[in-house]
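**Q** Heads up, the final residue of the sequence shown is numbered 155 in this note's numbering, and it's a clean run with no missing numbers. Even glycine gets a Cβ: it sits at the ideal position worked out from N, Cα and C.
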Amino acid sequence: MITETATVVAVSGDTVTLEAAIKSTCSSCQAKDDCGSGVISRAMAPKTQRIEVQTPMTVRVGDVVQVGVPEVGVLSASAWLYMVPLFVLVLSAAGLTLLLKAVGLDFELLVVAGSGFITLASFVLVSGHLKTLDQGRFAPVILSVSTPAQTINMT
1 MITETATVVA VSGDTVTLEA AIKSTCSSCQ AKDDCGSGVI SRAMAPKTQR IEVQTPMTVR
61 VGDVVQVGVP EVGVLSASAW LYMVPLFVLV LSAAGLTLLL KAVGLDFELL VVAGSGFITL
121 ASFVLVSGHL KTLDQGRFAP VILSVSTPAQ TINMT
């Protein structure tokens, strides 16, 4: 289970809106101050992300929660989204090369454009297919809740 800490920002019935700080690997790098990638990632990336989670747990706005996402869901979705289009790209380029040579056309631009279009179509189809699958495999869940310490007014 991949876990992350988030803060509850809204509660509506069983639906909880969480806000989590986005962390990058640049924050732990020693060269972060001298690296152009680190500067760009700090300037361009959003600092927080909001997600909605269904939970039977009782939470209040301001609670800090541990959110988990099953690793199997993330890994299988990543494999489908990256590997299938990659295989389609290679196979469509090879197939279009053979097909175009068979009809007497030898334009590499047609091969590149055609295989790019077919690869994009396969990505859209795989993405759509993953959205229709059981979303329980990919849905984040709240693992634990910790209420922030209350401020005591001594006056």
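1) If I'm right that Gln-66 touches Thr-5 with Cβ under 8 Å, what's the distance once you round it to whole angstroms?
2) Closer than 6 Å by C-beta to Pro-85: which residues in its own chain qualify, once you throw out the five before and the five after it? Chain order, please.
3) Decide if Val-8 is buried, meaning its Cβ has at least 16 other Cβ atoms within 10 Å, or exposed.
4) Should Pro-207 go down as buried or exposed, given a rule of 16 or more other Cβ atoms within 10 Å for buried?
5) Straight-line CA distance for Gly-116 to Leu-143?
6) Count the C-beta pairs between the region 126-133 and the region 107-116 that are closer than 8 Å, then say yes if the count reaches three, no if not.
7) On the DSSP letters alone, give me the boundaries of the alpha helix (DSSP H) that Gly-128 sits inside.
8) For Thr-151, which three-state DSSP category applies?
9) Look up Glu-19 in the DSSP assignment and give the residues it is bridged to.
10) By alpha-carbon positions, which one of Leu-99, Ala-79, Ser-12 ends up nearest to Val-61?
11) Mind checking whether Ser-146 and Gly-114 have CB atoms under 8 Å apart?
**A** Well, looking at it:
1) For the purposes of this step, residue 66 is taken as residue 66 along the sequence shown, with counting starting at 1. For the purposes of this step, residue 5 is taken as residue 5 along the sequence shown, with counting starting at 1. So it is a contact: roughly 6 Å between Cβ atoms.
2) What you label residue 85 is simply residue 85 of the sequence shown in a count that begins at 1. Taking C-beta separations shorter than 6 Å and ignoring five residues to either side along the sequence, the partners of Pro-85 in its chain run Thr-119, Ser-122, Phe-123, following chain order.
3) As a first step, residue 8 is located in the sequence shown; it is residue number 8 there, counting from the start. Residue burial annotation: Val-8 is buried, with at least 16 other C-beta atoms found within 10 angstroms of its C-beta.
4) Absent from the model: residue 207. The displayed extent of the chain is 1 to 155, so no value can be given.
5) Counting from one through the sequence shown, the residue named residue 116 turns up at place 116. Counting from one through the sequence shown, the residue named residue 143 turns up at place 143. Their Cα atoms are separated by approximately 42 Å.
6) No: the two stretches stay apart, fewer than three of their Cβ pairs being nearer than 8 Å.
7) If you number the sequence shown from 1, residue 128 lands on position 128. Taken as a continuous stretch (DSSP letters only), the alpha helix (DSSP H) holding Gly-128 covers 108-132.
8) In the sequence shown, residue 151 corresponds to position 151, counting from 1. At Thr-151 the pLDDT is 46, less than 50, meaning the model places this residue with poor confidence; the figure from the coordinates comes in the next sentence. Per DSSP, reduced to three states, the secondary structure at Thr-151 is coil, with no helix or strand assignment.
9) Residue mapping note: residue 19 aligns to position 19 of the sequence shown, counting from 1. In DSSP, Glu-19 forms a bridge with Thr-7, Arg-50.
10) Along the sequence shown, one-based indexing puts residue 61 at 61. That would be Ser-12, whose Cα lies nearest to the Cα of Val-61.
11) Walking along the sequence shown from the start, residue 146 turns up at place 146. Walking along the sequence shown from the start, residue 114 turns up at place 114. Contact flag unset, no.
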